[in-house]
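Note sheet for the following structure.
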Amino acid sequence: MSKIVIAHGGNIGFLGGGTNRVLTFAGALAEAGYEVTLVVPKPHGEVPAAIRNRVEIYTVPVKPKRVWDQVVRAILVSRRAKKLAEKDKALLQLEHSTLGGIAASLGCSEYVLDVHDLEFDGSLYKKVPFGPRIIRYLERKAVSNASKIIAVSEPMKEFLVQEWHVPGEKIAVIPNGYFAERLKKFTITEEEKGLISFIGVLTHNVDYDKVIRLAKSREDVRIYVIGDGPMHTLFLKKLEEEGLKNVIVPGFLPDDEAYRILARSQVCIFPLRDTVHTRVAMHMKTLDYAALGKAIATDRDGTAVIFEEHNAALVSDPAKPDEFVANVHRLLEDAKLRREMGEDAKKLVEDFTWAKQGEKLVRLYENYEGE
0 MSKIVIAHGG NIGFLGGGTN RVLTFAGALA EAGYEVTLVV PKPHGEVPAA IRNRVEIYTV
60 PVKPKRVWDQ VVRAILVSRR AKKLAEKDKA LLQLEHSTLG GIAASLGCSE YVLDVHDLEF
120 DGSLYKKVPF GPRIIRYLER KAVSNASKII AVSEPMKEFL VQEWHVPGEK IAVIPNGYFA
180 ERLKKFTITE EEKGLISFIG VLTHNVDYDK VIRLAKSRED VRIYVIGDGP MHTLFLKKLE
240 EEGLKNVIVP GFLPDDEAYR ILARSQVCIF PLRDTVHTRV AMHMKTLDYA ALGKAIATDR
300 DGTAVIFEEH NAALVSDPAK PDEFVANVHR LLEDAKLRRE MGEDAKKLVE DFTWAKQGEK
360 LVRLYENYEG E
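First residue of the sequence shown? That's 0 in numbering that gives the first Met the number 0, and the numbers climb one at a time after it.
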């Protein structure tokens, strides 16, 4: 079997969405018999047990704090991964398009690029001088130098083909997933009347004004916004200014506590701002909601379009806040619709477990090596 070097700029000690994807892929390839080396920044926390004894890990000593540190981290990770791949005659897989752009600038080419999201229109670099323009350049360079691209959603593939003129045959779609075993014990829970919930990192991509509009529209609801992030303080300030007491923002909670709140909720929500970043992203929280059998009201993104095709969620245009609020009201008022949509959503995501996404990557490499 071939050797594969995977380069990832994130902290594998923190089990977030992107890290779960990388660890799943590394573990699946190792399980299939590939010799896998993972190049990452020195983790803050323990190396996850899922890969500890199956994957060789090289680390670079960079602390992830400021935006500039992310650039330095990407350079060091890319250099180390490039050297290892050349030394071992290994295939190189780069995680994230921004890391890919920096690696390409350092001379990497003919790699497999796993595009978690497109950041040029996201929130992270908006305040950096010329940030979006620089990120767009790096992301386009990353896809140009790749021999194979993995997109997380069909909308992302469509964007790359139509806007950046990437050949469609160069792109495979492997969506994000969820951990089925982790959620199984929460799936049979009685609903709490008027309970609405959201879980995730509080970034600029979430539309907090829709949450406020929803909270104002009904006094008989309680809305949990579970998570933390760069918009946490500003969101709390807005809630205080509006005098809203029916929105609870507890920060990050232990998984069991957070999932119990989601499981008791009548509706789980995902309000989004309308950007290229959000339209093509494959957000994982919607998969978690569905695995719990919940009725979902979400704005349209790379995940929502799948649910929309199967009538498994009420999906709204991100530019129409009233449509989002109306969808939540509709679900609150119709128990039969909630039950049917929750059942359809749960059935739909049976094919979206992380284990199945790992199998797809293994098949991709089997075909890729045969080309």
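Note that the Cβ used here is the ideal one computed from N, Cα and C, for glycine as well.
- Around Tyr136, the same chain offers Gly100 as residues with beta carbons nearer than 8 Å, after the five sequence neighbours per side are excluded.
- One Cα belongs to Ala318, the other to Glu30, and the distance between them is close to 44 Å.
- The three-state secondary structure of Gly106, taken from DSSP, is coil.
- With distances taken between CA atoms, Leu252 lies nearest to Ile260 out of Ile260, Val304, Glu241.
- Per the Cβ contact rule, the segment 188 to 208 is in contact with the segment 275 to 292 (3 or more Cβ pairs under 8 Å).
- For Gln92, the enclosing beta strand (DSSP E) covers residues 90 to 94.
- Secondary structure of Asp254 (DSSP, three-state): helix.
- Put simply, of Gln92, Glu342, Gly301 the residue whose alpha carbon is nearest the alpha carbon of Gly176 is Gly301.
- In the DSSP annotation of this structure, the continuous segment of the alpha helix (DSSP H) that includes Arg20 starts and ends at 16 to 30.
- Residue burial is scored here from C-beta neighbours: Gly357 has at least 16 other C-beta atoms within 10 angstroms and is therefore classed as buried.
- For secondary structure counted as the alpha helix (DSSP H) over 4 or more consecutive residues, the segment 164 to 238 holds these complete runs in sequence order: 179 to 182, 207 to 216.
- The DSSP-derived three-state label of Asp87 is helix.
- Judged by DSSP secondary structure, Val266 falls within the beta strand (DSSP E) whose first and last residues are 266 to 269.
- Assignment of Asp298 by DSSP, reduced to helix, strand and coil, places it in the strand class.
- By a beta-carbon distance limit of 8 Å, Asp343 does not contact Ala303. Their separation comes to about 14 Å.
- By the Cβ criterion, the segment 69 to 78 is not in contact with the segment 44 to 56, since fewer than three pairs of Cβ atoms, one from each stretch, lie closer than 8 Å.
- A Cβ-Cβ distance of about 15 Å is found for the pair Ile5 and Glu85, leaving them out of contact under the 8 Å criterion.
- In the DSSP assignment, Lys147 forms a beta bridge with Val111.
- Within the model, the alpha-carbon separation for Tyr33 versus Lys192 is close to 50 Å.
- Taking all protein chains shown into account, Glu118 has 16 or more neighbouring C-beta atoms within 10 Å of its C-beta and is therefore buried.
- Excluding five sequence positions before and after Leu112, the CB atoms of its chain that fall closer than 6 Å to its own CB belong to Leu93, Gly99, Ala141, Ala145, Ile148, given in chain order.
- In this structure, the beta-carbon distance from Leu213 to Val324 falls below 8 Å.
- For Lys355, the secondary structure class from DSSP, reduced to helix, strand or coil, is helix.
- A straight line joining the alpha-carbon of Val35 with that of Glu180 spans about 25 Å.
- For Ala6, the enclosing beta strand (DSSP E) begins and ends at 2 to 6.
- Sorting Arg20, Lys335, Pro60, His43 by C-alpha distance to the C-alpha of Ala49 places Arg20 at the top.
- Leu291 carries a coil assignment under DSSP once its states are collapsed to helix, strand and coil.
- The three-state secondary structure of Val127, taken from DSSP, is coil.
- In this chain, the alpha helix (DSSP H) harbouring Leu330 covers 320 to 332.
- Between Gly228 and Leu201 the beta-carbon gap is near 4 Å, inside 8 Å, which marks them as a contact.
- Assigned with DSSP and collapsed to three states, Val71 falls in helix.
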